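Undergrad:
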Amino acid sequence: MELADELPLNHFSQKQYKGCKYADNEEFCKDFRSFCVAYAGSIGEHHQLDCVFNQTYEPIRAWCGGIKKNKDGTWNNNSTQFDNTRAVIAKMGATRAKITRKPLTYKQCLAAKTSNKAVTCVA
55 MELADELPLN
65 HFSQKQYKGC
75 KYADNEEFCK
85 DFRSFCVAYA
95 GSIGEHHQLD
105 CVFNQTYEPI
115 RAWCGGIKKN
125 KDGTWNNNST
135 QFDNTRAVIA
145 KMGATRAKIT
155 RKPLTYKQCL
165 AAKTSNKAVT
175 CVA
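All residue numbers for the sequence shown refer to our numbering, where the first residue is 55 and numbers rise by one.
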């Protein structure tokens, strides 16, 4: 599920993946997704993910979150999303990926919005 146009830019951490491990962004995103799904499931959440294959910039922006599941295994998309990005990157290990930059602050996000009207920011 791609949420790039729905998630605010200031929710993203930037990741740097090791070039020797991944041939391209798509390969990284697929591995990141696998770890995101496994992590969210292990803590009773449904994964929420954004990692767009065709990003042309480095480091790549990616986000992994989760929504708590109900006892019957369902979830409500309007529920609070938890940011699991740092935990997932830690599970992947430093030989695969590392966070090189924290998510933008709201002020930084607004500055980015001046050059790209598609950017959304959340206070």
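Think of the CB as a built atom: it goes at the ideal place given N, C-alpha and C, for glycine as much as any other residue.
Since this is a predicted model, take the numbers as computed values, not measurements.
(1) Lysine 145 and phenylalanine 82: beta carbons closer than 8 angstroms?
(2) State the CB to CB distance for the pair glycine 120 and histidine 101, rounded to an integer number of angstroms; the pair is presumed to be in contact (CB under 8 angstroms).
(3) Where does the unbroken alpha helix (DSSP H) through threonine 149 begin, and where does it stop?
(4) Excluding sequence positions up to five away, which residues of its chain have a Cβ less than 6 angstroms from the Cβ of isoleucine 143?
(5) Assuming glycine 119 is part of the alpha helix (DSSP H), what are its boundary residues?
TA: Here's the rundown:
(1) Translated into the one-based positions of the sequence shown, residue 145 becomes position 91. Translated into the one-based positions of the sequence shown, residue 82 becomes position 28. No. Outside cutoff.
(2) For this step, residue 120 is matched to residue 66 along the sequence shown. For this step, residue 101 is matched to residue 47 along the sequence shown. Between histidine 101 and glycine 120 the Cβ distance is about 6 angstroms, and since that is below 8 angstroms, they are a contact.
(3) Here residue 149 is taken as the residue at index 95 of the sequence shown, counted from 1. Taken as a continuous stretch (DSSP letters only), threonine 149 belongs to no alpha helix (DSSP H), as it is neither H nor E.
(4) Translated into positions along the sequence shown, residue 143 becomes position 89. Cβ within range, chain order: Ala151 and Ile153.
(5) The residue you call residue 119 lines up with position 65 of the sequence shown. Segment 114-122 is the beta strand (DSSP E) holding glycine 119; no alpha helix (DSSP H) there.
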